[in-house]
Structure formats: C-alpha cells, structure tokens
Ligand code: SAM
Ligand code: DTB
Ligand code: SF4
C-alpha cells in the first residue's frame, strides 16, 4: 500500500520558498489568495488585534543617499529642510504623547546613510528614555556595524528597521549609493546583536509583480523572517525621481499583504506608508488578508498619516482593538 500523502501545514514558517512559488501565490484568484492568507493569519494571531507603532523623525533631511522615493535625500529638490538631531528630552516628550495616544511601539527615524559613533551617546539616551516609558523601542538610522548594533541593543533598542525596499532585480533602478548586500549585512548585524528585525519595502515605484515577489522571496528566505514586515505604498514626493510614479492598484496592494502573510506567517505585517490615501474598505481588506500592524499619529517622517481620530473610527467600525488590550 502506498504511504499516505502528507499535506504540509501551510501555516508553518518555511525558509525554502522559491521565487516561482512566491510568484504563483500572486497569480492565485484574488479571493482564494485572501482566504489562504486569512487562514494563516488566524493560526498565529488574533485577527481582531492590531499592533500600533508611532514614528518620529529625530533627524530630518540632508541625507547623502539617493533613494529615488525619498523626500530627505539632499540630491533632490523636495522642499524638506535639513535639521539637526533632536535632543533626547524632545524625543522622550514626543514618545510620552505617543504612548498617551495609544501607541505601543515608538520608532525613531534619522535621515542618515549610516550611524556616526559620535552620535551614538545621544541616540542611546533617546532609546533608554523611551524604553523607560514602557514603550517598545524601534530605530531606523541607516547602516550599522556589528559594534553599533550591540551598543543600540545595550541602550534598550528592541527593533531595528532596515528595509530591502524592493526585489533585487529592480533595486538599482531605485538606489545606487548602497547595495542590496549592504542592507543584508546590516540586517545580519541587527540579528547577531539580538535585536528584532523590522524589514520590508515599498510598492508603487514602477516595479513589476515579479519584483514584488522578489522582495517577499528575499524576506522569506532570510535566516530569520522579519519580526515586523512593513509594506509601504509609495508616498510620491514631488522633486524625487519617483514623484510621478503610477500608483499600484489597490487590489494589488492587498495581494502584496496576503502573500507577505503567507510567506512570513509569524511576522507582524504592517500597512506602513500610504494609509493616508486608502479607503476604510481597502484597509479592511488588508486586515482580512493578514495585515496586523499600522503606524498611528498624524505624521510619518515627512508626510501625513490618518491621525488618531480617523484611526479610532476605523478601529471602532471594524471592531478591532490594539494588540494586547482587553477584549470588550
Ligand atoms: N535613512 C534610513 C534608511 O534609509 O535606512 C532610515 C529612514 S528611511 C526613510 C526608512 C524607509 O522608509 C525606507 O527604506 C523606505 O522603505 C521608506 N520610505 C521612505 N520614503 C518613502 C516614501 N516616500 N514612500 C514610502 N516609503 C518610504
Ligand atoms: C517603514 O517601512 N516606513 C516608515 C518607517 N519604516 C521608517 C517610513 C515611511 C516614510 C514615508 C515617507 C515620509 O514620511 O517621508
Ligand atoms: Fe537617506 Fe534613508 Fe531617505 Fe535613503 S531612505 S535618502 S538613506 S533618509
């Protein structure tokens, strides 16, 4: 007699995804894809819960990199003025407000290519001050050396955000001043220091579906899946090379979320930038397809976000609640 065929559990994390398998998920009928993603989501998470993070730009503008989507590159005329690194007290006060507004994680972003050791004490003071408020801490400061990653971890940093941005084949159409491998190296330093990783990318930069699959394939085959996986819908910035990009179809954005949920089943999948332009219905579809994290607050780094009043209505209408809060 033949041995019974073992059907692999589709909700178990795998690291051996092929690009073709990831592409095939994108090609599924929409409702089939969303249903599969929703099933995976329910295996690991309460689908009525949302993780809430809040961003603050602690050092804005004047960045030497040429990321073609970014308002903060000094290579493009975007009208964003360069400013100095904020004081720790200013950052901690903003974090206190974010906590009062319901945020669970506070993410500090700097328009840097990499971290200068001379700035580390000030950054460490911000991190330890924010952590002392009882918030989860996250930072996104550009490339890190292994020693810098350890210093940030010692200061109390829980998560480090460093995105791959897009698939490897499209990457050099978007950024030329740092390589894909540079990004992978920073992610390795973050993991080796014992921090959680936040890593995702952007859609709507003129990439193909294969490029989008390429990004998710990279994330799914990392030595550890990202703990947080932000999917940004491009905020087109006038003056940048990608300022006139054609927006990605809303249902394609949902597909991106659904495939992310399936290939990285235990990650927090975040609708990151772009909610400002999304209907309540589109966001609801994303949550059905496995998104379980958002940025709250009226600002991202240099662009707008829906703000707490709108999001309170969104959560109330969908009967969703912040992760970890008591069910009604
Ligand atoms: N300078 C650091 C770096 O690039 O690693 C940290 C900040 S950077 C703004 C963080 C991420 O935000 C980028 O990697 C990109 O994925 C996302 N991002 C930046 N500008 C964006 C935009 N206009 N629309 C959508 N996402 C954007
Ligand atoms: C991420 O993936 N998205 C955030 C955060 N990580 C740092 C940044 C979004 C930036 C959107 C454009 C802006 O506000 O300048
Ligand atoms: Fe600089 Fe980061 Fe913007 Fe790239 S994304 S230009 S590294 S701030």
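Numbering (our numbering), first residue to last: 198 to 525. Ideal Cβ positions, reconstructed from N, Cα and C, are used throughout, including at glycine. Keep in mind that this is a model prediction, so the values were computed, not measured.
Please report how far the alpha carbon of residue i lies from the alpha carbon of residue j, in whole angstroms.
i: residue 271; j: residue 280; result: 12 angstroms
i: residue 207; j: residue 262; result: 39 angstroms
i: residue 363; j: residue 407; result: 10 angstroms
i: residue 387; j: residue 289; result: 23 angstroms
i: residue 321; j: residue 459; result: 36 angstroms
i: residue 356; j: residue 228; result: 33 angstroms
i: residue 402; j: residue 371; result: 8 angstroms
i: residue 296; j: residue 328; result: 11 angstroms
i: residue 198; j: residue 205; result: Because residue 198 carries a pLDDT of 48, less than 50, the predicted location of this residue cannot be relied on, and no value is offered for it.
i: residue 299; j: residue 446; result: 31 angstroms
i: residue 518; j: residue 488; result: 13 angstroms
Given 6 angstroms as the limit, tell me if residue i has its C-beta closer than that to any heavy atom belonging to the ligand DTB.
i: residue 488; result: no
i: residue 433; result: no
i: residue 427; result: yes
Residue j and residue i - do their beta-carbons sit closer together than 7 angstroms?
i: residue 443; j: residue 392; result: no
i: residue 230; j: residue 455; result: yes
i: residue 301; j: residue 249; result: yes
i: residue 332; j: residue 292; result: yes
i: residue 493; j: residue 251; result: yes
i: residue 390; j: residue 346; result: yes
i: residue 491; j: residue 468; result: yes
Going by the C-beta, is residue i closer than 6 angstroms to any heavy atom of the ligand SF4?
i: residue 270; result: yes
i: residue 395; result: no
i: residue 308; result: yes
i: residue 224; result: no
i: residue 304; result: no
Can you list, in chain order, the residues of its chain whose CB lies under 8 angstroms from that of residue i, leaving out five sequence neighbours each side?
i: residue 473; result: 432, 500, 501, 502 and 503
i: residue 375; result: 262, 310 and 340
i: residue 274; result: 436
Checking contacts by CB at 7 angstroms: is residue i closer than that to chain D?
i: residue 266; result: This model lacks chain D altogether, as it is built from one protein chain only.
Kindly list the residues whose CB is nearer than 7 angstroms to the CB of residue i, restricted to its own chain and excluding five residues on each side of it in sequence; keep chain order.
i: residue 383; result: 340, 341 and 359
Going by beta carbon distance, what residues of the same chain come within less than 6 angstroms of residue i, once the five residues before and after it are set aside?
i: residue 367; result: 404 and 408
Next item on the list: Would you check if the stretch 447 to 457 and the stretch 423 to 431 touch, i.e. whether three or more CB-CB distances between them fall below 8 angstroms?
Entry: yes
Next item on the list: Take every Cβ of the stretch 214 to 226, pair it with every Cβ of the stretch 303 to 310, and state whether three or more of those distances are shorter than 8 angstroms.
Entry: no
Check: Do the stretch 236 to 246 and the stretch 476 to 489 touch if we need at least three Cβ pairs shorter than 8 angstroms?
Finding: yes
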